[in-house]
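Take a look at the structure below.
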């Protein structure tokens with residue numbers, strides 16, 4: 001609490017006393033007051049236990065920030081940690097910026113706020129849960145550094161000596177870096193501690209409700225970024241979740257557990273853990289099990305899509321994947337055929353699309369399984385293929401299959417050229433950047449597929465009859481038709497040149513002069529500089 005002028009002074013006397021003070025000092029105090037009162041209250045009130053719930057496990061306390069007992073303790077502790085960590089990180093970031101600018105008053109006030117927030121966090125966490133010994137070391141170091149930071153920044157307020165301030169700036173920067181590192185280590189250990197609580201619930205409980213609640217909390221945490229996913233993976237969450245997926249009594253939790261696994265596997269640690277517990281075999285079992293519900297098979301497909309993503313640098317886990325690939329690919333194409341909604345189809349087709357990138361044998365398996373017919377039929381069903389994202393997966397698979405010679409006849413048989421021309425006209429239904437990017441990918445891959453298939457004279461002839469050439473020329477000459485995409489332009493130029501090679505008469509002289517005859521790079525530069533359609 002901060003003191004205010006006593007009521008025993010008269011108004012006249014108060015004015016006289018205020019005028020005798022240094023105005024700058026009063027203004028500085030008022031500025032500090034505005035920033036510090038809320039933080040001080042937070043330290044005293046929010047960190048103070050206000051009750052104990054009789055039924056709580058091991059007498060855990062309920063504090064003013066909402067940390068509860070029972071099933072919700074871990075989640076509330078985690079939410080509190082993340083919220084406070086964000087506040088402290090923000091304050092430390094501000095300090096770095098203000099230190100560079102030499103704004104010493106703000107550097108000090110920010111140091112005071114950060115110190116209060118850190119002390120409140122440490123106090124609050126120790127009240128809610130006993131602090132592990134290894135974490136206490138970081139807490140002590142952090143609190144000492146925060147106090148040192150507050151003291152040293154205060155010294156800088158009382159001097160204008162540039163040489164002194166310069167030396168202090170370097171010292172403060174070093175201390176601030178130490179504070180940031182210590183704080184990050186402490187938070188990582190605290191988060192790991194809370195994650196261990198959730199994993200123990202999953203491993204030791206027989207209650208579907210308790211396990212489901214713990215899985216929900218883990219899934220929620222995975223949405224906070226890859227750093228947290230790495231901590232979750234290192235603490236053994238993937239191992240615990242696959243144990244659930246191997247027990248028939250927890251069948252109702254399969255989908256939930258696998259969705260969490262897919263989120264964790266956005267980082268290499270998650271994939272490594274999956275590989276160590278033979279997770280791919282478990283995924284194959286769920287995908288091929290006729291008794292598995294569609295939701296579980298869809299989430300298993302999501303995990304397959306995640307671990308086969310081209311964005312991952314590590315490919316060690318793919319060795320074990322190859323052993324089960326035939327079963328997985330067969331199950332995925334069946335899931336595409338029977339999908340009850342667009343989301344299920346998207347997950348299954350995304351997994352197939354990724355698989356076709358890294359092994360040509362997968363493409364041969366898909367051809368044997370009549371995949372082209374299944375995928376082209378799905379494109380006619382708006383219940384399954386209802387967004388550019390789903391179409392992107394379909395045309396990716398077709399593009400990868402089109403390198404095989406026998407693909408052309410199957411595409412012709414199922415009127416696939418007509419579908420490719422429709423995909424060349426794909427346009428976003430909203431202003432969403434992600435949807436626009438998906439439409440560009442659809443157009444690009446449709447043109448690539450058409451170019452590859454047009455090696456077959458029958459395909460080239462059919463494409464020309466269906467007026468593929470005018471559409472490709474339009475995409476080349478009109479930037480708006482291709483959403484100003486250079487990749488779509490290159491693919492369309494390549495497709496045009498492939499068709500022109502087989503049927504030169506299909507392209508008019510002017511178009512041939514600009515789009516076919518020059519080097520590809522010259523035609524590209526000509527078309528990329530066009531602002532209006534010349535068609």
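In UniProt numbering, the protein residues as written are 1 to 535. All residues carry an ideal CB built from backbone N, CA and C; glycine is no exception.
Write down the C-beta distance between residue i and residue j rounded to the nearest angstrom, noting that I regard them as a contact closer than 8 Å.
i, j, result
"residue 190", "residue 147", "Contact flag wrong, Cβ pair sits at about 20 Å."
"residue 231", "residue 285", "That belief does not hold up - the Cβ atoms of residue 231 and residue 285 are roughly 29 Å apart, past 8 Å."
"residue 267", "residue 229", "5 Å"
"residue 332", "residue 287", "7 Å"
"residue 221", "residue 95", "Incorrect: roughly 28 Å between the Cβ atoms, too far for contact."
"residue 507", "residue 500", "5 Å"
Within the same chain, show all residues whose beta-carbon is closer than 7 Å to that of residue i, passing over the 5 residues directly before and after it, in chain order.
i, result
"residue 493", "476, 515, 520, 523, 524"
"residue 234", "269"
"residue 35", "The predicted model places residue 35 with a pLDDT of 47, which falls under 50 and marks its position as unreliable, so this point remains unresolved."
"residue 575", "Since the first residue of the chain shown is 1 and the last is 535, residue 575 is not available in this structure."
"residue 483", "436, 439, 440"
"residue 412", "458, 459, 462"
"residue 511", "473"
"residue 450", "420, 463, 468, 495"
Residues in the same chain with beta-carbon distance under 8 Å from residue i, minus the five sequence neighbours each way, listed in chain order, please.
i, result
"residue 274", "238, 242, 261, 265, 280, 303, 307, 317"
"residue 386", "342"
Do residue j and residue i come within 7 Å of each other at the CB atom, strictly closer than that value?
i, j, result
"residue 202", "residue 255", "no"
"residue 495", "residue 447", "yes"
"residue 421", "residue 378", "no"
"residue 157", "residue 108", "yes"
"residue 92", "residue 182", "no"
"residue 463", "residue 397", "no"
"residue 305", "residue 350", "yes"
"residue 365", "residue 329", "yes"
"residue 489", "residue 527", "yes"
"residue 410", "residue 372", "yes"
"residue 336", "residue 348", "yes"
"residue 299", "residue 258", "yes"
"residue 384", "residue 339", "yes"
"residue 395", "residue 427", "no"
"residue 194", "residue 78", "yes"
"residue 88", "residue 123", "no"
"residue 253", "residue 212", "yes"
"residue 125", "residue 185", "no"
Is residue i buried or exposed, if buried means 16 or more other CB atoms sit within 10 Å of its CB?
i, result
"residue 504", "exposed"
"residue 151", "exposed"
"residue 86", "exposed"
"residue 529", "exposed"
"residue 536", "Since the first residue of the chain shown is 1 and the last is 535, residue 536 is not available in this structure."
"residue 164", "exposed"
"residue 310", "exposed"
"residue 291", "exposed"
"residue 517", "exposed"
"residue 442", "buried"
"residue 162", "exposed"
"residue 209", "exposed"
"residue 498", "buried"
"residue 433", "exposed"
"residue 80", "buried"
"residue 430", "exposed"
Helix, strand or coil for residue i per DSSP?
i, result
"residue 517", "coil"
"residue 467", "coil"
"residue 413", "helix"
"residue 451", "helix"
"residue 536", "The requested residue 536 does not occur in the structure, where the chain is confined to residues 1 to 535."
"residue 103", "coil"
"residue 279", "helix"
"residue 528", "helix"
"residue 97", "helix"
"residue 388", "helix"
"residue 479", "coil"
"residue 522", "helix"
"residue 381", "coil"
"residue 405", "coil"
"residue 53", "Since pLDDT at residue 53 reaches only 35, below the 50 mark, its modelled position is unreliable, and the value read off the structure follows with that caveat. DSSP places residue 53 in coil when its eight states are reduced to three."
"residue 115", "helix"
Taking Cβ positions only, does residue i come closer than 7 Å to chain C?
i, result
"residue 157", "Included in the structure is just one protein chain, with no chain C present."
For the ligand GTP, is there a heavy atom less than 6 Å away from the beta-carbon of residue i?
i, result
"residue 523", "No copy of the ligand GTP appears in this structure; indeed no ligand is present at all."
To which residues of the same chain is residue i closer than 6 Å at the C-beta, ignoring the five residues directly before and after it?
i, result
"residue 121", "84"
"residue 198", "74, 214, 217, 218"
"residue 407", "401"
"residue 392", "438, 441, 442"
"residue 250", "244"
"residue 101", "none"
"residue 168", "156"
"residue 456", "408"
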